[in-house]
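K.L.:
Residue numbers (our numbering), protein chains in the order written: chain L, 183 to 476; chain W, 77 to 383.
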């Protein structure tokens, strides 16, 4: 850290309007002062992640502070225990299928519907669209029980399709898709139609390539929603082989598994989310900022 | 559509032609495009919402039979201490979590609103908790709050008394509010930062020429112009606080002695703990009404402030 408060800088930053000012700090020097609170904030924010990592690699089972947070040697026993004996790899596969298949289906259906709502005229367009958008206000906890009954009637409890299917008509995704596609110029569609492109071809080769930025934003969001989703997988999946990572992690905690093993499993759960976030951060951040500016 | 000034002829023709091109493909194609989405949305969003309302007036038997019982479930709610307790828990949690989260987001957004070497690293770190699953953060924070965890160790080292956080009826909600603030401040911070970046630089430059202090500029330029973004963040946090579930489930299971038994936890517990679907749906309808009131109040207030 470079922010060292020298005596001069202290005088300069203290609010004494009447006294003759010490030589003003340059913009650059003043900027450096901000590193101190930012670094403290970052350390506090990162501490739980650090603790998770430190506990997962500590040799032995006993947790003793502060030694456990500053392990003098590193052991990957907890990882081999987490990945070897328990069901963590199975849960990881389930989480991956749940997230990836959902992303593909959500984006496909939302972009198709978003295109029609943005560029087509048909009877009931506004009514259907705004009706769907209004449904966003209905809390998930209310619809959870009927959704459970419905999936159970369809024979989808404790199956992968039963897990995925209720989550793929995503109102937020459809709304954002429609907003984005509205800004694509009609001339592009007209030109393609004059060239003899069919309806599906226009959607596939004209509209879809244009939606790449919003696809990346929504893809990141939807992936992380599903990867971190807990309540629906919790109630719909019964057998441990069908758990996703979040549900599995919770059962590990309930079963009094050694802390190091739980933390190792938590690290394994976090890594894919971290990679997706770091790679697509730009799009994710844009999505969040968009939500606030409306 | 009223056309007051007619555009030149050529343009109008183009307009007409475009409209006819858009129309010519017919509504049928449009229905085909929205069909998959509409089917799933009807089946898994709209139908369950209607069915939840129906269930709230019924008793759902384990064999799947639905017997209508009128307002019984709602009458039971009003007479149930557990329900009033869950409203109190949710209210206290909301009152604790929102100021904490919004204050931290505002402070961090203010710090982040400048060009500085390494800023992108700071922002990434502040955002990490947002992409963390509540289950995972719950597990880590259970350890942080535990009696042999770092928080107690730290307070003991300073010779300060350490509460039993998650085992204490008084401290369990503040502890959960801290976790909520840690999880969500990065998201709110970004929204506030977007609002701050939208404020024209000239305002600050002019104020600086007038010899104002940094605090004065924050108080008289940033805060008033940030009002819509702040408002949005507060509404977001209210809805989030009323729907908090995952962290409570993982960290406390509603305890100790139901001190963190929130409204969503009641819905889950009555629904999937006791399989009393009708009663749980009635509680769910209360959550819906609260959410609607907050959303509509937001719309009213926003409409007033913009007009």
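All C-beta atoms, glycine included, are put in the ideal place defined by N, C-alpha and C.
Count the C-beta pairs between the region 237-244 of chain W and the region 221-228 of chain W that are closer than 8 Å, then say yes if the count reaches three, no if not.
P.N.:
yes
K.L.:
Would you say residue 426 of chain L and residue 264 of chain L are within 8 Å of each other, going by their C-beta atoms?
P.N.:
no
K.L.:
Give every residue of the same chain whose Cβ lies closer than 7 Å to the Cβ of residue 130 of chain W, excluding the five residues on either side of it in the sequence, and list them in chain order.
P.N.:
none
K.L.:
For residue 257 of chain W, is the classification buried or exposed, using 16 other Cβ atoms within 10 angstroms of its Cβ as the cut-off for buried?
P.N.:
buried
K.L.:
Express the C-alpha separation of residue 156 of chain W and residue 406 of chain L in angstroms, rounding to a whole number.
P.N.:
Between the alpha carbons of residue 406 of chain L and residue 156 of chain W lies a gap of roughly 37 Å.
K.L.:
What are the start and end residues of the beta strand (DSSP E) that includes residue 144 of chain W?
P.N.:
142-144
K.L.:
Take the Cβ of residue 232 of chain L as the centre, count every other Cβ of all protein chains shown within 10 Å, and call the residue buried at 16 or more, exposed below.
P.N.:
exposed
K.L.:
Are the beta-carbon atoms belonging to residue 329 of chain L and residue 341 of chain W less than 8 Å from one another?
P.N.:
Note that the C-beta distance between residue 329 of chain L and residue 341 of chain W is not below 8 Å.
K.L.:
Taking DSSP as the reference, what is the three-state secondary structure of residue 136 of chain W?
P.N.:
strand
K.L.:
Using Cβ-Cβ distances below 8 Å, what residues of the region 376-395 of chain L are close to chain W?
P.N.:
381, 385
K.L.:
Does DSSP put residue 339 of chain L in a helix, a strand or coil?
P.N.:
coil
K.L.:
Within its chain, find whatever has a CB closer than 7 Å to the CB of residue 177 of chain W; leave out the 5 residues flanking it on each side and keep chain order.
P.N.:
Excluding sequence neighbours, residue 177 of chain W sits near 256, 257, 260, 261, 264, 313.
K.L.:
Starting from the Cα of residue 421 of chain L, find the closest Cα among L:358, L:371, L:345 and give me that residue.
P.N.:
In terms of Cα proximity to residue 421 of chain L, the closest of L:358, L:371, L:345 is L:345.
K.L.:
Using a Cβ cut-off of 7 Å, which residues of the region 261-287 of chain L contact any Cβ in chain W, in chain order?
P.N.:
Of all residues in the region 261-287 of chain L, none comes within less than 7 Å of chain W when Cβ atoms are compared.
K.L.:
Considering only C-alpha positions, which residue in the set L:256, L:237, L:228, L:295 is nearest to residue 108 of chain W?
P.N.:
It is L:295 whose Cα lies nearest to the Cα of residue 108 of chain W.
K.L.:
Within 10 Å of its beta-carbon, does residue 447 of chain L have 16 or more other beta-carbons around it, so buried, or fewer, so exposed?
P.N.:
buried
K.L.:
Within 8 Å, do at least three Cβ pairs link the region 158-170 of chain W to the region 364-373 of chain L?
P.N.:
no
K.L.:
Any beta carbon of chain L sitting closer than 8 Å to that of residue 99 of chain W?
P.N.:
A caution first: residue 99 of chain W carries a pLDDT of 49, below 50, which makes its placement in the model unreliable, though a value can still be read off. A Cβ of chain L is located within less than 8 Å of the beta carbon of residue 99 of chain W.
K.L.:
For chain W, find out if any of its Cβ atoms is closer than 8 Å to the Cβ of residue 200 of chain L; answer yes or no.
P.N.:
Here residue 200 of chain L scores only 47 on pLDDT, less than 50, and its place in the model is too uncertain to base an answer on.
K.L.:
Taking the C-alpha atoms as reference points, what is the distance between residue 248 of chain W and residue 305 of chain L?
P.N.:
53 Å
K.L.:
Residues of chain L with CB closer than 7 Å to the CB of residue 167 of chain W, please, in chain order.
P.N.:
Residues of chain L passing the Cβ test: none, with the nearest at roughly 16 Å.
K.L.:
For residue 247 of chain L, which three-state DSSP category applies?
P.N.:
coil
K.L.:
Residue 319 of chain W touches chain L at which residues, Cβ-Cβ below 7 Å?
P.N.:
Under the 7 Å cutoff, chain L gives 321, 323.
K.L.:
Roughly how many angstroms lie between the CA atoms of residue 112 of chain W and residue 442 of chain L, to the nearest whole one?
P.N.:
45 Å
K.L.:
Run through the region 319-349 of chain W for me and flag every whole alpha helix (DSSP H) of 4 or more residues, listed as ranges in chain order.
P.N.:
You should have 322-327, 339-344.
K.L.:
With a threshold of 7 Å on Cβ separation, who are the neighbours of residue 180 of chain W within its own chain once the five nearest residues in sequence on each side are excluded?
P.N.:
257, 261
K.L.:
Can you name, in chain order, every residue of its own chain whose Cβ lies under 8 Å from the Cβ of residue 459 of chain L, other than the five neighbours on each side?
P.N.:
402, 406, 466
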